[in-house]
Amino acid sequence: MAILLAGGAGYIGTHTAVEFINAGYEVVIADNLYNSKAEAVRRVEKITGKSVPFYQIDVSDAEALRTLFSEQNIDTVVHFAGMKAVGESVAKPMMYYRNNLNTTLTLLEVMKDFDCHRFVFSSSATVYGFSNPVPLFETMPRGECTNPYGWTKWMIEQILMDACAADPELSVVLLRYFNPIGAHESGLIGEDPQGTPNNIFPYITQVAVGRRPQLTVFGNDYDTVDGTGVRDYIHVVDLAKGHVAAVPYAEKHTGAEIINLGTGRGTSVLEMIAAFERVNGVKIPYVIGARRAGDLAESYANADKAKEVLGWTAEKTIEDMCRDGYRWQTMNPMGYPEG
Ligand code: NAD
Ligand code: UDP
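Below, the structure is given as structure tokens:
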């Protein structure tokens, strides 16, 4: 039996593939390479010494997905295949709704036809919205999202809960990621955003290797420890291991379970810059700019449920994240090569 990683050539998918293989699972990757490169899959093979079946398909293409399911013995799907750029989702909402919802619906339909009942979904802390106080608990009501990307996560969570209510065999784990950063310690796989990074960490690593002159800190007048935004950064390898922990849980339960994947600790932008400089011995020039529209002052998880339910806790520190992320960027200053 194998685990299908839909969108598995991407940042989180490649790290998760490595951790599943390390834990003894067979994995199959399906990805249309919309936001990734085939080289990333080869790097997974290099790290693990295992060959990984790779299907370059759009997972909203039901026929292509049926071919995959008929050739591979899939018993669990982990669904990463989505578009994730917040700003682009505001400019192109229909594209985001179509891609992110269709991939999910097609996967669910084809899974049912092939008697596959376990589904792990990449959700996001963004579904907590603006009104919930930190730390964020899974029991809190979902809030208002500020962009179509966030709403796709919100809507897909609803679709998955409704699908579980209608199908007693279905088991869904909704993993709400906080802020994944860093890279595999080999430096062979990591985050490779196309164009200007939207997120702070790849921006910092690109400044560190001289691809960009300086970072702009989006506001220093929030009601936080030093005025800058606070987030719950989680090492991508810890996050990947959270998926590995979710599979045995999904094997034993049915229904939809919401679980935060975070560390439970907040770090400000200035704390992150200081940690990065200290650990890596580089300077990150920055200027203070205006607040970014739609940003929260603080977002961090209560991470107790993942420990209780999955037996999983994040282990790596901000220093580990900074060190590993910088190693990836110095070894691959322009990201993965084409082809
Ligand atoms: P990523 O863009 O690196 O990976 C997503 C992968 O999905 C890419 O390889 C892309 O080519 C693929 N894909 C997109 N549409 C597809 C389609 N129709 N068919 C086949 N493949 C398709 O992003 P990531 O950071 O690895 O994120 C993975 C998932 O986790 C996404 O759903 C994202 O929304 C979610 N998430 C990410 C973060 C984060 O900060 N990185 C936070 C919360 C949630
Ligand atoms: N941020 C920043 N400069 C940047 C990008 C982000 O100061 O170039 C800040 C942002 O305001 C937030 C934190 O860094 O406080 C994390 O932002 P990111 O986009 O990485 O994650 P998200 O806001 O989606 O949680």
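The sequence shown maps to residues 750 to 1088 in our numbering.
All C-beta atoms, glycine included, are put in the ideal place defined by N, C-alpha and C.
What would DSSP say about residue i, mapped onto helix, strand or coil?
i     : result
P951  : helix
A1046 : coil
R1095 : This structure gives no information on residue 1095, because the portion of the chain shown stretches from 750 to 1088.
S871  : strand
E1064 : coil
V1058 : helix
G878  : coil
K1032 : coil
T973  : coil
H764  : helix
K833  : coil
C1071 : helix
V839  : helix
D1052 : Checking the sequence shown, residue 1052 turns out to be Ala, not Asp. DSSP places A1052 in coil when its eight states are reduced to three.
D864  : coil
V883  : coil
A1024 : helix
Based on the DSSP secondary-structure assignment, which residues constitute the bridge partners of residue i?
i     : result
Y1085 : Its beta-bridge partners do not exist; DSSP assigns none.
V966  : I1037
E775  : A751
Can you give the beta carbon distance from residue i to residue j, rounded, assuming they're within the 8 Å contact cut?
i     : j     : result
T973  : S1017 : 6 Å
N1009 : A1050 : 4 Å
V956  : P1082 : Not quite, the Cβ-Cβ distance comes to about 12 Å (not below 8 Å), so this is no contact.
S872  : E906  : 6 Å
P929  : I761  : 6 Å
F927  : D981  : 4 Å
N784  : G757  : No, N784 and G757 are not in contact; Cβ-Cβ is about 12 Å, not under 8 Å.
P765  : V827  : Looking at the sequence shown, residue 765 is not Pro but Thr. Contact flag correct, Cβ pair sits at about 7 Å.
L1059 : Y998  : 6 Å
N849  : M750  : In fact, because the Cβ distance is near 27 Å, the residues do not count as touching under 8 Å.
R925  : A995  : In fact, because the Cβ distance is near 12 Å, the residues do not count as touching under 8 Å.
Kindly indicate if chain C contains any beta-carbon less than 7 Å away from that of residue i.
i    : result
L854 : Within the model displayed, chain C is absent; a lone protein chain is all it includes.
Less than 6 Å between the CB of residue i and some heavy atom of the ligand GTP, yes or no?
i    : result
K786 : No copy of the ligand GTP occurs in the structure displayed; its ligands are the ligand NAD and the ligand UDP alone.
Entirely within the segment 780-831 and at least 4 residues each: give me those alpha helix (DSSP H) ranges in chain order. Complete alpha helix (DSSP H) runs here, min 4: 787-797 and 811-820.
Where are the beta strand (DSSP E) runs, 3 residues long or more, that stay fully inside the segment 978-1011, in chain order? Contiguous beta strand (DSSP E) elements confined to the segment 978-1011 occur at 982-984 and 1004-1010, taking only those with 3 or more residues.
Would you be able to state if there are at least three C-beta pairs under 8 Å between the segment 812-822 and the segment 876-886? Contact between the segment 876-886 and the segment 812-822 is not established, with fewer than three Cβ pairs separated by less than 8 Å.
Would you say the segment 994-1009 touches the segment 909-917, given that touching needs at least three Cβ pairs under 8 Å? The answer is yes - the segment 909-917 touches the segment 994-1009, with three or more Cβ pairs under 8 Å.
If we require 3 or more residues per run, which beta strand (DSSP E) segments fall completely within the segment 886-965? Qualifying beta strand (DSSP E) stretches, in chain order: 920-926 and 928-930.
Would you be able to state if there are at least three C-beta pairs under 8 Å between the segment 804-814 and the segment 835-842? The segment 835-842 makes no contact with the segment 804-814; the number of CB pairs closer than 8 Å stays below 3.
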